[in-house]
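Protein chains in written order, with the working numbering: chain X, 6 to 538; chain E, 443 to 615.
Heads up, the thing below is written out as structure tokens.
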């Protein structure tokens with residue numbers, strides 16, 4: 006009996022032991038810590054502040070960039086950094102600069118980067134990362150046409166890097182030099198770029214186009230020919246192909262202008278099919294063939310162009326070129342029909358353009374033509390407030406908008422419009438929030454003055470943003486109207502030319518159809534003196 | 443008629459050459475930049491006001507959470523209790539974990555707490571690299587005086603990084 010009781014106790018103990026081991030692996034293991042309301046020995050003031058600035062970093066890493074910037078601003082206000090060169094303060098500045106850069110505030114980013122990189126204290130960034138900051142800022146500023154900041158950033162890069170510099174640096178240097186018409190500096194920059202780098206091709210092409218604009222055609226031709234050359238080790242990709250197409254197109258028109266028609270044909274035929282440059286190349290090729298009296302080849306080129314849906318300037322010119330060629334081939338009837346077809350096509354397009362221009366008479370027409378791009382939820386969780394979703398121009402499909410939309414000025418305007426729209430949406434949200442919570446604000450810890458202050462601030466910002474939005478919309482509207490009017494004038498010119506040509510053909514036909522009444526030469530007529538005698 | 447080919451050439455050049463913006467566009471850009479600055483300032487002011495609206499400054503309690511980068515523990519959930527009242531029950535996404543592991547600190551809780559003695563307990567749940575569920579807890583007894591208080595919940599690695607420890611500490615701010 007005693008053994009049984011003992012055995013049961015042992016069994017129970019083992020059971021409890023097993024249960025304990027099981028529980029240890031999965032259950033909460035509470036630890037109690039006692040801390041008094043005093044400074045923890047583990048955290049001094051600076052460490053505590055370093056933790057607080059990381060709240061901004063948390064939002065930054067979640068992609069809540071606007072919130073992150075606001076946390077930085079809050080941290081700066083609340084906690085005065087005793088030593089501004091302290092590592093945590095510097096990290097905060099670096100993050101703030103990157104956020105400014107994200108929100109296209111390059112000038113502010115530049116100032117912060119300068120302060121950050123000028124600090125004596127070593128930071129977590131390596132020298133290479135330091136330099137890359139300047140290069141990235143220069144690139145972004147250049148893309149946003151902020152040449153001043155781009156130049157300053159490149160200067161900072163040059164000062165901080167005595168070693169070999171990457172191609173990107175020389176490319177930007179060369180581009181800025183071209184903008185400033187500094188040809189020698191651009192050439193020096195070009196000479197430093199690697200032979201196989203696509204950036205070399207880009208810069209060379211831009212250099213050539215700059216020389217074309219300045220009337221230096223011989224130099225431009227040599228440069229364009231170089232752009233089209235591939236080295237033995239170079240791989241052709243879409244980017245390189247696009248540059249080569251542009252170079253061939255430029256060459257073709259240069260040769261055409263210099264009456265070197267065969268060379269022009271060769272250049273135009275080298276342009277790929279189904280690329281943005283194809284229509285222009287077809288047009289140029291057609292004129293080159295015509296100049297060489299290759300009428301059928303020319304006709305083929307122009308007829309190919311008239312298959313297009315959009316009435317680009319190249320297509321319009323093709324419509325008028327076809328009957329012209331038929332006239333040269335003494336095919337008056339066919340030419341007449343072709344001119345009539347051209348007039349019909351121009352009339353159709355004029356209706357479309359006129360309707361579009363009529364729409365521009367309304368005050369806010371641009372808002373109906375600016376369509377918001379689809380927003381991916383993953384990309385814009387809380388990135389709004391000062392950087393909104395993109396907008397595109399949505400005109401009738403028949404209207405050619407390529408030149409307008411491709412222009413840098415229009416794209417910049419669209420971007421700024423996007424950001425202002427986001428700012429207005431955020432302000433309106435705050436406005437409604439304050440309006441709803443007005444009573445709570447008045448009775449809570451804030452005074453009525455505080456809530457009114459914020460309401461007034463929001464109203465003031467909303468007013469400024471609305472005025473800016475109107476200004477931006479006016480700017481975009483002007484560009485759209487100018488583009489439409491220019492197209493209208495072009496089409497009217499072509500139409501007029503076609504009508505004149507039709508009238509001339511009609512006159513010729515009329516003259517040919519008149520019967521011959523009498524034939525005599527001037528010598529048969531008696532003179533007055535002979536008559537009197 | 444021959445001159446017409448120049449139209450294509452001119453259009454081509456217009457496409458290639460940059461069309462420079464005039465002074466008005468520059469002014470718009472400057473205005474936009476200023477507006478962005480104002481928005482950032484306004485947001486931080488609103489955040490501060492919101493905080494002060496929720497509770498008076500001397501009664502404010504902020505709890506931050508920080509994750510040690512070296513630990514291999516996968517955090518799923520954190521719970522906070524203040525004097526037996528549940529105040530936080532937060533599940534973490536991969537992105538939030540990534541942000542914590544890369545030096546971010548989460549503002550886990552902001553609220554009010556009256557002066558006097560209080561107890562705050564944090565419980566974390568997660569899994570170790572071998573898939574075992576892992577739970578840890580820590581309790582802090584504190585005496586709230588007449589200023590705002592910030593506490594830090596720090597999850598730190600122990601040993602080989604497989605185990606985590608909870609540290610609740612007072613931040614002297």
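Even for Gly, the Cβ is constructed at its ideal location relative to N, Cα and C.
Source: prediction; values computed, not measured.
Item, Value
"With 8 Å set as the bound, which would you pick, yes or no: does the beta-carbon of residue 517 of chain E sit closer than that to a beta-carbon of chain X?", "no"
"On the three-state DSSP scale, how would you describe residue 613 of chain E?", "strand"
"Under the rule that 16 or more other beta-carbon atoms within 10 Å means buried, what is residue 474 of chain E, buried or exposed?", "buried"
"Given this structure, state the Cα-to-Cα distance separating residue 38 of chain X from residue 581 of chain E, to the nearest angstrom.", "In this prediction, residue 38 of chain X scores a pLDDT of 46, lower than 50, which makes its location untrustworthy; the coordinate-derived value is nonetheless stated afterwards. Approximately 6 Å between the Cα atoms of the pair."
"Just to check my reading of the structure: residue 550 of chain E and residue 505 of chain E have Cβ atoms closer than 8 Å, yes? What is that Cβ distance to the nearest angstrom?", "5 Å"
"Under 8 Å, do residue 316 of chain X and residue 246 of chain X count as touching if we go by C-beta distance?", "no"
"Counting beta carbon pairs with one atom in the stretch 110-117 of chain X and one in the stretch 150-166 of chain X, are three or more of them shorter than 8 Å?", "yes"
"Tell me the rounded alpha-carbon separation between residue 98 of chain X and residue 250 of chain X.", "44 Å"
"Using a Cβ-Cβ cutoff of less than 7 Å, which residues in the same chain neighbour residue 560 of chain E once the five nearest sequence positions on both sides are dropped?", "524, 525, 584 and 586"
"Looking at residue 288 of chain X and residue 319 of chain X, is the spacing between their C-beta atoms short of 8 Å?", "yes"
"Put residue 27 of chain X into one of helix, strand or coil per three-state DSSP.", "Residue confidence for residue 27 of chain X is low, a pLDDT of 40 falling below 50, so the modelled location carries little weight; the figure read from the coordinates is stated next. Correct three-state label for residue 27 of chain X: helix."
"Below 7 Å on C-beta distance, what does residue 469 of chain X contact in chain E?", "477"
"If you follow the beta strand (DSSP E) that residue 429 of chain X is part of, which residue opens it and which one closes it?", "No beta strand (DSSP E) holds residue 429 of chain X; the alpha helix (DSSP H) holding it covers 413-441."
"Cβ closer than 8 Å: which chain X residues qualify as neighbours of residue 531 of chain E?", "Chain X residues near residue 531 of chain E: none, gap ~15 Å exceeds 8 Å."
"Any beta carbon from chain E within less than 8 Å of residue 462 of chain X's own beta carbon?", "yes"
"Would you say residue 534 of chain E reaches chain X, if we count a Cβ-Cβ gap shorter than 8 Å as a contact?", "no"
"Under 7 Å Cβ to Cβ from residue 506 of chain X, same chain only, skipping five residues before and after it: list those, please.", "328 and 344"
"Apart from the five residues on each side of it in sequence, which residues of its chain come closer than 7 Å, Cβ to Cβ, to residue 292 of chain X?", "261"
"Counting pairs of beta carbons, one from the stretch 160-170 of chain X and one from the stretch 185-193 of chain X, are three or more of them closer than 8 Å?", "no"
"Per the DSSP calculation, residue 554 of chain E is bridged to which residue(s)?", "E:502"
"Would you mind listing the alpha helix (DSSP H) stretches within the stretch 262-342 of chain X that are 4+ residues and don't spill past its ends, in chain order?", "266-274, 283-296, 300-310 and 318-333"
"Can you tell me which of X:337, X:148 and X:141 puts its alpha carbon nearest to the alpha carbon of residue 160 of chain X?", "X:141"
"Could you tell me the alpha carbon to alpha carbon distance between residue 342 of chain X and residue 499 of chain X, rounded to whole angstroms?", "16 Å"
"Given a threshold of 16 other Cβ atoms within 10 Å of its Cβ, counted over all protein chains shown, does residue 558 of chain E qualify as buried or as exposed?", "exposed"
"Taking just the CA atoms, how far does residue 478 of chain X sit from residue 372 of chain X?", "8 Å"
"Express the C-alpha separation of residue 503 of chain X and residue 366 of chain X in angstroms, rounding to a whole number.", "30 Å"
"Going by Cα to Cα distance, which pick from X:402, X:199, X:398 and X:224 is closest to residue 412 of chain X?", "X:398"
"Taking Cβ-Cβ distances below 8 Å as the criterion, which residues of the stretch 536-551 of chain E are in contact with chain X?", "537, 538, 540, 541, 542, 544, 545, 546, 547, 548 and 549"
"Report the rounded CA-to-CA distance for residue 350 of chain X versus residue 363 of chain X, giving the unit in angstroms.", "20 Å"
"Could you tell me whether the Cβ of residue 520 of chain E comes closer than 8 Å to any Cβ of chain X?", "no"
"Where residue 555 of chain E and residue 608 of chain E are concerned, what is the direct C-alpha to C-alpha distance, given to the nearest angstrom?", "22 Å"
"Please classify residue 459 of chain X: does DSSP put it in a helix, a strand, or coil?", "helix"
"Along the beta strand (DSSP E) that carries residue 578 of chain E, what are the first and last residues, could you check?", "575-586"
"Rounded to the nearest angstrom, what separates residue 137 of chain X and residue 203 of chain X at their Cα positions?", "20 Å"
"What's the C-alpha gap between residue 122 of chain X and residue 158 of chain X?", "12 Å"
"If you follow the beta strand (DSSP E) that residue 528 of chain E is in, where does it begin and where does it stop?", "527-533"
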